[in-house]
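>
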Amino acid sequence: MELVYGHPKSLKPVQTKYCPGCGHGVIHRLITEVIDEMGMQEKSIILNPVGCSIWASLYFDFDSVQVPHGRTPAGATAVKRMLPDHLVICYQGDGDLAAIGTAEAVHAANRGEKFTTIFVNNAIYGMTGGQMAPTTLVGQKATTAPYGRDPVEAGMGYPIRVLEMLATLGGTKYLARGAVNNAANVRKTKQYIKKAFEAQMRGEGSSMVEILSQCPTNWAMDPVDSVGWVESAMMPFYALGEVKNELAGAGKEAGK
Amino acid sequence: MAAEKRLMKGNEAMGEAAVRAGCDAYFGYPITPQNELTAYMAKHMIDHKRVFIQAESEVSAINMVYGAAATGARAMTSSSSPGVSLKQEGISYACGADVPMVIVNVARSGPGLGGISPAQGDYFQSTRGGGHGDYHHIVLAPKSVQEAADLTFEAFDLADEWRMPAMILADGMIGQMMEGVTLPEAKDPATRKPKPWAVGNKGKRTELNHVDSTQLVPENFEKALHVRYARYDEIKKTVVRWEEQNLEDADLILSAYGTSARVCLGAMQMARKLGLKVGLLRPITLWPFPEQRFGALAGKRFLVVEMSMGQMVEDVRLYTHGKSEVSFYGRCGGMIPTEEDVLAEIRRILKK
Chain A
975 MELVYGHPKS LKPVQTKYCP GCGHGVIHRL ITEVIDEMGM QEKSIILNPV GCSIWASLYF
1035 DFDSVQVPHG RTPAGATAVK RMLPDHLVIC YQGDGDLAAI GTAEAVHAAN RGEKFTTIFV
1095 NNAIYGMTGG QMAPTTLVGQ KATTAPYGRD PVEAGMGYPI RVLEMLATLG GTKYLARGAV
1155 NNAANVRKTK QYIKKAFEAQ MRGEGSSMVE ILSQCPTNWA MDPVDSVGWV ESAMMPFYAL
1215 GEVKNELAGA GKEAGK
Chain B
122 MAAEKRLMKG NEAMGEAAVR AGCDAYFGYP ITPQNELTAY MAKHMIDHKR VFIQAESEVS
182 AINMVYGAAA TGARAMTSSS SPGVSLKQEG ISYACGADVP MVIVNVARSG PGLGGISPAQ
242 GDYFQSTRGG GHGDYHHIVL APKSVQEAAD LTFEAFDLAD EWRMPAMILA DGMIGQMMEG
302 VTLPEAKDPA TRKPKPWAVG NKGKRTELNH VDSTQLVPEN FEKALHVRYA RYDEIKKTVV
362 RWEEQNLEDA DLILSAYGTS ARVCLGAMQM ARKLGLKVGL LRPITLWPFP EQRFGALAGK
422 RFLVVEMSMG QMVEDVRLYT HGKSEVSFYG RCGGMIPTEE DVLAEIRRIL KK
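Protein sequence lines, in the order shown, are assigned to chains A and B.
If you number the first sequence the way the working numbering does, the last residue is 1230 and the count never jumps.
If you number the second sequence the way the working numbering does, the last residue is 473 and the count never jumps.
Okay, structure coming up:
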């Protein structure tokens, strides 16, 4: 009998510490499904960031390196340079990537470092308890923006569209934004991840998949409302799709 | 690469020594007075088909070193005082995750942006664990271009042996001056200590490797720190190193490291010509500090000379257990003491 669905080999069969309704678990699963399909489990390394996904090494069944907050792309740069035949995953949240680690993210992307960043954007700081993130939407409430993010009067800045910013850089070859709020988007996001991982193993340059993800706990919503909020509030600002695709054969693919 | 003698700047000699020690990856950011070292590595690492990256910051550079070292590579960075301050976060993580690496600090004067002239104001930062948390790492202080090369060459082995960062604490004088240096034969990579803890190349390994400094269970963390500190005790016994001259009959022992020790050597020779019984005790490892040797000399009179407002002098006082009269002579802000300055201080103390 053919096995058509099962627990990914690269994902340990353990209960995660993530809150009910959190998107990280789904994202972990997508990553490991792709790794299994590519047969890369023995040659995968994840750099897990400071934030909720600090626990990644408990769940992924391959080696990991934990770096200081925001320095994930710097660590990933060196791991990939030393081990170019490995699949190197730089897993980052919005605070790690777009606040404290902006310089590292921008410069690794600009150098065209050949690892893949999985950028989990839930528009909030999760681990520390709901502070304003660089991707928090205008008007969205956070513990450090109790009256909502106000870029003008309170000078809280505007939400950052990371992919659109990185798209201007010569080193970035594949930038796509997906979401894990419904089955269709989950499937689409998996395709983006697979494209990015395969591009990495072909040595094509910097790749990043941003994933809009729900954080019911810090959004103070139930899980069902959360997946709805990703659609109604996040997607109008963070449009889904491939923001940049300069992969070899990208043109051909589009012509199909 | 066979052993050979060359006339080199200290910065270049440290670079060449690192190449010969088998440095696989170098990551740096420009800062004076160590720029020749980064430039040397840029050329020679690329020529040897090894990894060189000019990082976007010192913060990024040290984390690249961390990432490369996590894979088992021999990795290195260099900088100068303000840049080394920026690296302290990464050094704390490396010490917390037991990641070996080599860090060169061609120190300049501080605090703040300070100046670009030689100084020794980074002693506390280097020896006390300059970042957050409970830790130490090896600190080696060269007094010449030759010793800068030798200690850099050896630092890679020490770092690997003890699974911790090894820092070369030089200064702008050591980095910028030219001297003849005998370079060692390149190290055979086969002689390296295996790193079964490194990530990647899993092969037949059954356990996963995680390079990680996180430990949220206080009971477990306390135990882990005790294990690490037991290793520190071993390092104190085996790695500690110093140079001493004329201590037997000394009425006054000069104590200094690096450039100021070199000045003290000249002052001691001048004093001896005048019939003054002056000796010299020069720590080569600043951590581990030669605690026992200073302890054995407790009761003797000391003059500590530093290019700072007085930092190592606190260790000399600490390890002579309050039994020695310890005087201090320091120049700071990038000023370098002269042999005559130190001799005058010797004569003042000995009243001769």
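Note that CB positions come from ideal geometry on N, CA and C, so glycine has one too.
Reducing DSSP to helix, strand and coil, say where residue 292 of chain B ends up.
Position 171 of the second sequence, counted from the first residue, corresponds to residue 292 of chain B. In this structure, residue 292 of chain B counts as strand in the three-state DSSP scheme.
> What three-state label does DSSP hand residue 1189 of chain A in the structure shown?
As a working mapping, residue 1189 of chain A is identified with position 215 in the first sequence. Of the three classes helix, strand and coil, the one that applies to residue 1189 of chain A here is coil, per DSSP.
> Let me know the secondary structure DSSP gives residue 355 of chain B once reduced to three states.
Position 234 of the second sequence, counted from the start, is the residue given in the question as residue 355 of chain B. In this structure, residue 355 of chain B counts as helix in the three-state DSSP scheme.
> Rank A:989, A:1130, A:1099, A:1141 by C-alpha distance to the C-alpha of residue 1194 of chain A and give the top, closest one.
Position 220 of the first sequence, counting from 1, holds the residue named residue 1194 of chain A. Of the listed residues, the one whose Cα sits closest to residue 1194 of chain A is A:1099.
> Considering only DSSP beta bridges, list what residue 1090 of chain A is partnered with.
Residue 1090 of chain A sits at position 116 when you count from the first residue of the first sequence. A:1063, A:1181, per the DSSP bridge assignment.
> Report the residues of the segment 1046-1072 of chain A with a CB closer than 7 angstroms to any CB of chain B, ordered along the chain.
Under the 7 angstroms Cβ criterion, the segment 1046-1072 of chain A contributes 1048, 1049, 1050, 1051, 1052, 1053, 1055, 1056, 1057, 1060.
> Under 9 angstroms between beta-carbons, which chain B residues line up against residue 1081 of chain A? List them in chain order, please.
As a position in the first sequence, residue 1081 of chain A is number 107, starting the count at 1. Near residue 1081 of chain A (Cβ distances below 9 angstroms), the residues of chain B are 176, 177, 178, 181.
> Note down, in chain order, all residues in the segment 979-1012 of chain A with a beta-carbon under 9 angstroms from any beta-carbon belonging to chain B.
Flagged: no residues at all.
> Looking only at its own chain, which residues have a Cβ that is under 6 angstroms from the Cβ of residue 136 of chain B, when we skip the five neighbours before and after it?
One-based indexing of the second sequence puts residue 136 of chain B at position 15. Excluding residues within five positions, the ones whose Cβ falls inside 6 angstroms are 158, 161, 162.
> Along chain B, which residues have their Cβ under 7 angstroms away from the Cβ of residue 1204 of chain A?
Your numbering for residue 1204 of chain A matches position 230 in the first sequence. Per Cβ cutoff of 7 angstroms: no residues; residue 1204 of chain A is ~29 angstroms from chain B at best.
> Cβ closer than 7 angstroms: which chain B residues qualify as neighbours of residue 1042 of chain A?
As a working mapping, residue 1042 of chain A is identified with position 68 in the first sequence. The answer, in chain order, is 184, 210, 211, 214.
> To the nearest whole angstrom, what separates the beta carbons of residue 302 of chain B and residue 1040 of chain A, a pair I think is in contact under 8 angstroms?
The residue given as residue 302 of chain B occupies position 181 in the second sequence. The residue given as residue 1040 of chain A occupies position 66 in the first sequence. No, residue 302 of chain B and residue 1040 of chain A are not in contact; Cβ-Cβ is about 39 angstroms, not under 8 angstroms.
> Are the beta-carbon atoms belonging to residue 387 of chain B and residue 435 of chain B less than 8 angstroms from one another?
Mapped onto the second sequence, residue 387 of chain B falls at position 266. Mapped onto the second sequence, residue 435 of chain B falls at position 314. No. Outside cutoff.
> For residue 1141 of chain A, collect the residues of the same chain with a Cβ closer than 7 angstroms to its Cβ; drop the 5 residues on either side in sequence, then sort them by chain order.
Here the question's residue 1141 of chain A lines up with position 167 in the first sequence. Excluding sequence neighbours, residue 1141 of chain A sits near 1149, 1217, 1218.
> Using CA coordinates, which residue listed in B:287, B:193, B:445 is at the minimum distance from residue 375 of chain B?
Along the second sequence, one-based indexing puts residue 375 of chain B at 254. If we check each option's Cα against that of residue 375 of chain B, B:445 comes out closest.
> Identify the residues that DSSP records as bridge partners of residue 450 of chain B: which are they?
Your numbering for residue 450 of chain B matches position 329 in the second sequence. Note: residue 450 of chain B sits in a beta bridge opposite B:426.
> Going by beta carbon distance, what residues of the same chain come within less than 7 angstroms of residue 452 of chain B, once the five residues before and after it are set aside?
Translated into the one-based positions of the second sequence, residue 452 of chain B becomes position 331. Cβ within range, chain order: 428, 458.
> Exposed or buried, what is residue 231 of chain B when buried is set at 16 or more other beta-carbons lying within 10 Å of its beta-carbon?
Translated into positions along the second sequence, residue 231 of chain B becomes position 110. Buried, by the Cβ-count rule.
> Which term fits residue 340 of chain B, buried or exposed, when burial requires 16 or more other beta carbons within 10 angstroms of its beta carbon?
Here residue 340 of chain B refers to the residue found at position 219 of the second sequence. Residue 340 of chain B should be labelled exposed.
> Taking one C-beta from the segment 416-433 of chain B and one from the segment 233-248 of chain B each time, how about it: are there three or more such pairs within less than 8 angstroms?
Yes: at least three Cβ pairs fall under 8 angstroms.
> In angstroms with no decimal places, state the Cα-to-Cα distance between residue 420 of chain B and residue 392 of chain B.
Reading the second sequence from its first residue, position 299 is the one you call residue 420 of chain B. Reading the second sequence from its first residue, position 271 is the one you call residue 392 of chain B. For residue 420 of chain B and residue 392 of chain B, the distance between alpha carbons rounds to 21 angstroms.
> CA-CA distance, residue 1059 of chain A and residue 1020 of chain A?
Stepping through the first sequence from its first residue, residue 1059 of chain A is reached at position 85. Stepping through the first sequence from its first residue, residue 1020 of chain A is reached at position 46. So the alpha carbons of these two residues sit roughly 14 angstroms apart.
> Does the distance from the C-beta atom of residue 1145 of chain A to that of residue 1055 of chain A stay below 8 angstroms?
As a first step, residue 1145 of chain A must be located in the first sequence, where it is residue number 171. As a first step, residue 1055 of chain A must be located in the first sequence, where it is residue number 81. No, Cβ-Cβ distance for residue 1145 of chain A and residue 1055 of chain A is not below 8 angstroms.
> Using a Cβ-Cβ distance under 8 angstroms, would residue 192 of chain B count as near chain A?
If you number the second sequence from 1, residue 192 of chain B lands on position 71. By this cut-off, residue 192 of chain B is an interface position.
> If you follow the alpha helix (DSSP H) that residue 1111 of chain A is part of, which residue opens it and which one closes it?
Here residue 1111 of chain A corresponds to residue number 137 of the first sequence, with the count starting at 1. Run containing residue 1111 of chain A: none; DSSP gives neither H nor E here.
> Determine contact between the segment 1003-1018 of chain A and the segment 987-994 of chain A, defined as no fewer than three beta-carbon pairs at a distance below 8 angstroms.
Output reads no: the segment 987-994 of chain A does not touch the segment 1003-1018 of chain A.
> Check whether the Cβ of residue 330 of chain B lies closer than 8 angstroms to any Cβ atom in chain A.
For this step, residue 330 of chain B is matched to residue 209 along the second sequence. Taking Cβ atoms only, chain A reaches closer than 8 angstroms to residue 330 of chain B, which makes this a yes.
> Using only the alpha-carbon positions, how far apart do residue 253 of chain B and residue 179 of chain B sit?
Here residue 253 of chain B is taken as the residue at index 132 of the second sequence, counted from 1. Here residue 179 of chain B is taken as the residue at index 58 of the second sequence, counted from 1. Their Cα atoms are separated by approximately 17 angstroms.
> Roughly how many angstroms lie between the CA atoms of residue 405 of chain B and residue 414 of chain B, to the nearest whole one?
By one-based count along the second sequence, residue 405 of chain B stands at place 284. By one-based count along the second sequence, residue 414 of chain B stands at place 293. Spanning the two alpha carbons is a distance of roughly 12 angstroms.
> Would you kindly work out how many angstroms separate the C-alpha atoms of residue 1043 of chain A and residue 188 of chain B, rounded to a whole number?
Here residue 1043 of chain A is taken as the residue at index 69 of the first sequence, counted from 1. Here residue 188 of chain B is taken as the residue at index 67 of the second sequence, counted from 1. Their backbone Cα atoms lie some 14 angstroms apart in a straight line.
> Which same chain residues, not among the five before or five after residue 411 of chain B, have their C-beta less than 6 angstroms away from its C-beta?
Within the second sequence, numbered from 1, the residue matching residue 411 of chain B stands at position 290. 361, 363, 404, listed in sequence order.
> Counting along the chain, where does the beta strand (DSSP E) carrying residue 148 of chain B start and finish?
Counted from its first residue, the second sequence places residue 148 of chain B at position 27. From DSSP, the beta strand (DSSP E) with residue 148 of chain B extends over 146-149.
> Could you say which of B:449, B:433, B:408, B:396 lies nearest to residue 422 of chain B if we only look at CA atoms?
Indexing the second sequence from 1 puts residue 422 of chain B at position 301. Nearest of B:449, B:433, B:408, B:396 to residue 422 of chain B, Cα basis: B:449.
> Can you find a C-beta in chain B that's less than 8 angstroms from the C-beta of residue 1180 of chain A?
As a working note, residue 1180 of chain A is residue 206 in the first sequence. With 8 angstroms as the cut-off, residue 1180 of chain A does not count as an interface residue toward chain B.
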